[in-house]
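Enquirer: The structure is given below, and queries will be raised subsequently.
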Amino acid sequence: MNEWLAFLWAPYQTYSRIEISVEALAAVFGVVSVLLAQRRHIWVYPVGLVSTILYSYLFFKWGLYGEALINAYYTAMSVYGWILWRQHSEQDHVHVAVQWANFKDAGIGGVIWLCSFLFVLAIYYFRPWIESGFSVWDMNQHSIHHLGGIDFLDASIAATCFVAMWLQAQRRINHWYLWTIANVVMVPLMFYKGYGITALQYMVFVVLAWIGLRLWKQSLQAS
-14 MNEWLAFLWA PYQTYSRIEI SVEALAAVFG VVSVLLAQRR HIWVYPVGLV STILYSYLFF
46 KWGLYGEALI NAYYTAMSVY GWILWRQHSE QDHVHVAVQW ANFKDAGIGG VIWLCSFLFV
106 LAIYYFRPWI ESGFSVWDMN QHSIHHLGGI DFLDASIAAT CFVAMWLQAQ RRINHWYLWT
166 IANVVMVPLM FYKGYGITAL QYMVFVVLAW IGLRLWKQSL QAS
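Using my numbering, the first residue of the sequence shown is number -14, and each one after it goes up by one.
Printed below as a string of structure tokens:
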């Protein structure tokens, strides 16, 4: 047990208490937002916004501008989803009806996945230049990051999450399958990156995504 706690805590030894608290708070808001998503509750988006904004702040503060840009995308998608859910809410104005994705949704999702994959790879490829504050000198001297297996895996999962967020905004049940896949892979990936608290969050997300899938199916059957 002590070895496990030591492994979990080791990456945070150089972080301030405020930074650790902010990451923990972001993780809590992330979990709450998924609980709200399970119940088709429109407050999934304002609560989720708190989580993505906090993560964007942390990554920016740590100089991880690529990850900050990705979370900025999550923030924008949360606003987009909030608007759509407000437009399609039921009579109580807080819940939405759900349905399965169709072939058109699959086609659009495929395009979003490919564009997102290339977008994230580009961020990682130019990471040294981005993290130098877009310095012209660094652009000319050492602006390129040689992509490795982790980068391609990370880009694939990020693209999958982007599609999941879009499908969630469209109120499609299928998005839970994508979240489940992404969450399972994100657990070891976050541990590898040194974000132990966030890795634990994704472990919880795996269970919540499975429950969310069941609840959305039940909602459709009851409608």
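C-beta: ideal position from N, C-alpha, C; glycine also.
Excluding the 5 residues preceding and the 5 following Ala11 in the sequence, name in chain order all residues of the same chain whose CB lies nearer than 6 Å to its CB.
Expert: Walking along the sequence shown from the start, residue 11 turns up at place 26. Here the set comprises Ser36, Leu39 and Tyr40.
Enquirer: For Gln79, name the three-state secondary structure that DSSP assigns.
Expert: Translated into the one-based positions of the sequence shown, residue 79 becomes position 94. One point to set straight first is that residue 79 is Val, not Gln, in the sequence displayed. Residue state, collapsed to three classes: coil.
Enquirer: Going by beta-carbon coordinates alone, are His26 and His80 separated by less than 9 Å?
Expert: The residue you call residue 26 lines up with position 41 of the sequence shown. The residue you call residue 80 lines up with position 95 of the sequence shown. Contact: yes.
Enquirer: Shortest alpha-carbon distance to Gln153 belongs to which of Gly66, Pro31, Arg24 and Cys100?
Expert: By one-based count along the sequence shown, residue 153 stands at place 168. When only C-alpha atoms are compared, the closest one is Gly66.
Enquirer: Tell me which same chain residues have a C-beta within less than 6 Å of the C-beta of Val140, skipping the five on either side of it?
Expert: The residue you call residue 140 lines up with position 155 of the sequence shown. The sequence shown places Ala at residue 140, rather than the Val named in the question. Taken in chain order, the residues that qualify are Phe102, Val105 and Leu106.
Enquirer: Looking only at C-alpha atoms, which of Lys46, Gln206, Val169 and Arg156 sits nearest to Thr145?
Expert: The sequence position of residue 145 within the sequence shown is 160, counting from 1. Closest by alpha carbon: Val169.
Enquirer: What residue range is occupied by the uninterrupted alpha helix (DSSP H) comprising Leu43?
Expert: Counting from one through the sequence shown, the residue named residue 43 turns up at place 58. Counting along the chain, the alpha helix (DSSP H) containing Leu43 begins and ends at Val29 to Lys46.
Enquirer: May I ask you to report which of helix, strand or coil DSSP gives Ser208?
Expert: Against the sequence shown, residue 208 aligns to sequence position 223. Residue state, collapsed to three classes: coil.
Enquirer: To the nearest angstrom, how far is it from the Cα of Arg157 to the Cα of Ala53?
Expert: If you number the sequence shown from 1, residue 157 lands on position 172. If you number the sequence shown from 1, residue 53 lands on position 68. Their Cα atoms are separated by approximately 27 Å.
Enquirer: Which term fits His131, buried or exposed, when burial requires 16 or more other beta carbons within 10 angstroms of its beta carbon?
Expert: The sequence position of residue 131 within the sequence shown is 146, counting from 1. The residue in question, His131, is exposed, as its Cβ has fewer than 16 Cβ neighbours within 10 Å.
Enquirer: Compare the C-alpha of Ala207 against each of Trp164, Val83 and Gln23 and name the closest.
Expert: The residue labelled residue 207 in the question sits at position 222 within the sequence shown. If we check each option's Cα against that of Ala207, Val83 comes out closest.
Enquirer: Helix, strand or coil for Arg112 per DSSP?
Expert: For the purposes of this step, residue 112 is identified with residue 127 of the sequence shown, where counting begins at 1. Helix.
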